[in-house]
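Worksheet: one structure, shown below.
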Amino acid sequence: IFVFLGKQASRLRSTSPGAFLERTYFYGKMEHFLVVLCNHFQKTLWLLKDPFAHYVRYRGKSILASKGTHFMMKKWKYHLVNLWQCHFHLWSQPGRIHINRLYNHSFYFMGYLSSLRMVPSMVRSQMLENAFLIDTSIKRFETLVPIFSLISSLAKAKFCNVSGHPISKPAWSDSSDFDIIDRFGRICRNLSHYYSGSSKKQSLYRIKYILRLSCARTLARKHKSTVRTFLKKLGSEFLQEFLT
Numbered sequence: 001i002f003v004f005l006g007k008q009a010s011r012l013r014s015t016s017p018g019a020f021l022e023r024t025y026f027y028g029k030m031e032h033f034l035v036v037l038c039n040h041f042q043k044t045l046w047l048l049k050d051p052f053a054h055y056v057r058y059r060g061k062s063i064l065a066s067k068g069t070h071f072m073m074k075k076w077k078y079h080l081v082n083l084w085q086c087h088f089h090l091w092s093q094p095g096r097i098h099i100n101r102l103y104n105h106s107f108y109f110m111g112y113l114s115s116l117r118m119v120p121s122m123v124r125s126q127m128l129e130n131a132f133l134i135d136t137s138i139k140r141f142e143t144l145v146p147i148f149s150l151i152s153s154l155a156k157a158k159f160c161n162v163s164g165h166p167i168s169k170p171a172w173s174d175s176s177d178f179d180i181i182d183r184f185g186r187i188c189r190n191l192s193h194y195y196s197g198s199s200k201k202q203s204l205y206r207i208k209y210i211l212r213l214s215c216a217r218t219l220a221r222k223h224k225s226t227v228r229t230f231l232k233k234l235g236s237e238f239l240q241e242f243l244t
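Going by our numbering, the first residue of the sequence shown is number 1, and it counts up by one from there.
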């Protein structure tokens, strides 16, 4: 996996006339660079046309994934640094470009913790009267929920402490019961929708537990009652749509 952390292009987002001219010059340089590659660097162009290369960019953080050797990925790094510094006149920090093998490393991107795992499997093959069991392995790309990062975010928002123990939300105690329950429900729905693509959504049960108990503690604090009373009042179906 080739991870490139570059934020230089963010300077081109402005709509001012100066930025527009800079952006035009930027794309002009890019077209010139591709022409140079076509005419003089056919081997480099072959790298750019690699059908196994995948590029994703989100909020200034970019990932370039490709099948190949460590030497080829070092060439990618060289060409990217050269592209930014020599052709776009934008300073790039080579130390922020990391080369990692996906087999040995997980990477955090767009709120997911992604990794490549080898899953063992057994295939039964039969030829005439003989049957064979063949051991094989399948590459599975997993997108996991960063549960500890979510708990840390909930702790900063005062839904729980740093160890994940639910606490009340005093700032919401002045709201109506409907608004309090609706706020917690919206948080759960947003998390459920965002992490619907996770390969292991069962880990979200811990987040559901934190938010459900935090909601009950907030209502109990408001009405000066017990948490058990409001858990019975909310019912077992409260936040049930979180994982459906």
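Even for Gly, the Cβ is constructed at its ideal location relative to N, Cα and C.
Terminal residues of the alpha helix (DSSP H) in which residue i lies
{"i": "residue 124", "result": "Taken as a continuous stretch (DSSP letters only), residue 124 belongs to no alpha helix (DSSP H), being part of the beta strand (DSSP E) at 112-127."}
{"i": "residue 195", "result": "That residue, residue 195, is in no alpha helix (DSSP H); it is neither H nor E in DSSP."}
{"i": "residue 156", "result": "147-156"}
{"i": "residue 82", "result": "70-82"}
Close beta carbons around residue i, own chain, < 6 Å, minus the five adjacent residues each side
{"i": "residue 195", "result": "145"}
{"i": "residue 112", "result": "143"}
{"i": "residue 222", "result": "173"}
{"i": "residue 225", "result": "none"}
{"i": "residue 151", "result": "164"}
{"i": "residue 199", "result": "142 and 143"}
Spatial neighbours of residue i in its chain, beta-carbon cut-off 8 Å, leaving aside the 5 residues before and after
{"i": "residue 229", "result": "220"}
{"i": "residue 74", "result": "99"}
{"i": "residue 209", "result": "166"}
{"i": "residue 171", "result": "158"}
{"i": "residue 131", "result": "124 and 125"}
Whole-number beta carbon distance between residue j and residue i, since they are thought to touch under 8 Å
{"i": "residue 184", "j": "residue 215", "result": "4 Å"}
{"i": "residue 80", "j": "residue 63", "result": "Actually they do not touch by this definition, with Cβ atoms about 12 Å apart."}
{"i": "residue 191", "j": "residue 207", "result": "6 Å"}
{"i": "residue 141", "j": "residue 114", "result": "7 Å"}
{"i": "residue 203", "j": "residue 147", "result": "5 Å"}
Residue range of the unbroken beta strand (DSSP E) whose run includes residue i
{"i": "residue 98", "result": "97-99"}
{"i": "residue 107", "result": "107-109"}
Spatial neighbours of residue i in its chain, beta-carbon cut-off 7 Å, leaving aside the 5 residues before and after
{"i": "residue 133", "result": "122 and 124"}
{"i": "residue 169", "result": "158, 159, 214 and 218"}
{"i": "residue 238", "result": "212"}
{"i": "residue 177", "result": "219"}
{"i": "residue 181", "result": "215"}
{"i": "residue 197", "result": "143"}
{"i": "residue 69", "result": "none"}
Original post:
Given 8 Å as the limit, is there contact between the region 137-153 and the region 114-128, that is, 3 or more CB pairs closer than that?
Top reply: yes
Original post:
Are the region 198-217 and the region 158-173 touching by the rule of at least three beta carbon pairs closer than 8 Å?
Top reply: yes
Original post:
Fully enclosed by the region 214-241, which beta strand (DSSP E) runs are 3 residues long or longer?
Top reply: Listed in chain order, nothing qualifies, since the region 214-241 has no complete beta strand (DSSP E) run of 3 or more residues.
**OP:** May I have a chain-ordered list of the beta strand (DSSP E) segments no shorter than 3 residues that lie completely inside the region 157-187?
**Re:** none
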